[in-house]
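Visitor:
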Amino acid sequence: MSIQVNDLVEFIEPFEDEVGTTYRVLEVNGDRCIIEYVCDMRIRPTSVRLVADLKRVDAPRQAGRYVLAAGDGRMVTYDTRTGPSLTASRALSYVWTNPTEAETKRLAYQAALGVALTVQPQGANA
13 MSIQVNDLVE FIEPFEDEVG TTYRVLEVNG DRCIIEYVCD MRIRPTSVRL VADLKRVDAP
73 RQAGRYVLAA GDGRMVTYDT RTGPSLTASR ALSYVWTNPT EAETKRLAYQ AALGVALTVQ
133 PQGANA
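The numbering of the sequence shown is our numbering, which starts it at 13 and goes up by one.
(1) With 16 other CB atoms within 10 Å as the buried threshold, where does Arg-54 fall?
(2) Kindly provide the ranges of any beta strand (DSSP E) runs that are 3 or more residues long and lie completely inside the segment 58-102, ordered along the chain.
(3) I need the straight-line Cα distance from Gln-122 to Thr-112, nearest angstrom please.
(4) Count the other C-beta atoms from every protein chain shown that fall within 10 angstroms of the C-beta of Asp-19, then say buried if there are 16 or more, exposed otherwise.
(5) So, helix, strand or coil for Gln-16, using DSSP?
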């Protein structure tokens, strides 16, 4: 059973403060992956870990994550200094927890960036 993008995982041998902590896989690159802590924070902590240190959690999937994506696969991101832009990195993309929220912002980002955007599940841009 291999680990894939959007899988929920936990550490095989967690430290005391990591017991019961769940992470979502953002990117898999060979024997390493980028994971993010599953929490209610708007900016979630991320880290790079060995795939061998993780195991999938057989829990029901949490709410999906949605992005606004251009036809070339780049996704909307927002920098407080420079404003909206497009990024190829899933880890930097701006996300919404349901497609309706993303759709309400689509026209504004589309006008600001001058490119057609669609609402897509975050993993669809891989």
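Every residue, glycine too, gets a C-beta built ideally from N, C-alpha and C.
Guide: On the basis of the supplied data:
(1) Taking the first residue of the sequence shown as 1, we reach residue 54 at position 42. Looking at its Cβ environment, which holds fewer than 16 other Cβ atoms inside 10 Å, Arg-54 is exposed.
(2) Those beta strand (DSSP E) runs which fall completely within the segment 58-102 and span 3+ residues are 58-62, 66-68, 78-81, 87-91 and 95-99.
(3) Sequence index remark: in the sequence shown, residue 122 carries index 110 (1-based). Sequence index remark: in the sequence shown, residue 112 carries index 100 (1-based). Distance from the CA atom of Gln-122 to the CA atom of Thr-112, rounded to whole angstroms, is 16 Å.
(4) As a working note, residue 19 is residue 7 in the sequence shown. It is buried - the Cβ of Asp-19 has at least 16 other Cβ atoms within 10 Å.
(5) Position 4 of the sequence shown, counted from the start, is the residue given in the question as residue 16. DSSP places Gln-16 in the coil class of the three-state scheme, outside both helix and strand.
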